């Protein structure tokens, strides 16, 4: 085991544990932050694993996760808020338009 893989173990145990706890026990906003942070930590874990095993092909997985994790956070936020509970910007009427 080299230093990179030791860093993976430390980041997984120390970084993802609070994220899992917050996603199970927190409020909706805390869960959203925890999922977003977990995506960032997972990306770092994949990059550290690629360095530890000296496999540059593993970097691709980290880069794809870096692109898709924010999109997953937005989807989660959409499901938490719900369809009918979206705030209406000022100056717009939430009712039907007559014309």
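Numbering (our numbering), first residue to last: 162 to 260.
We put the beta carbon where it would ideally sit given N, CA and C, even for glycine.
Since this is a predicted model, take the numbers as computed values, not measurements.
For the alpha helix (DSSP H) containing residue 221, name the first residue and the last one.
Per DSSP, residue 221 belongs to the alpha helix (DSSP H) from 219-242.
Count the CB pairs spanning the region 215-232 and the region 170-187 that are closer than 8 angstroms, and state whether there are at least three.
Too few Cβ pairs lie closer than 8 angstroms, so no.
Please report how far the alpha carbon of residue 165 lies from the alpha carbon of residue 251, in whole angstroms.
If I take the Cα positions, the gap works out to 51 angstroms.
Whole angstroms are fine: how far does the CA of residue 227 sit from the CA of residue 171?
Roughly 20 angstroms between the two C-alpha positions.
Helix or strand or just coil, what does DSSP make of residue 215?
The answer is coil: DSSP assigns residue 215 none of H, G, I, E or B.
By a C-beta neighbour count over all protein chains shown, 10 Å radius and 16 as the cutoff for buried, is residue 193 buried or exposed?
When all chains shown are included, residue 193 counts as buried.
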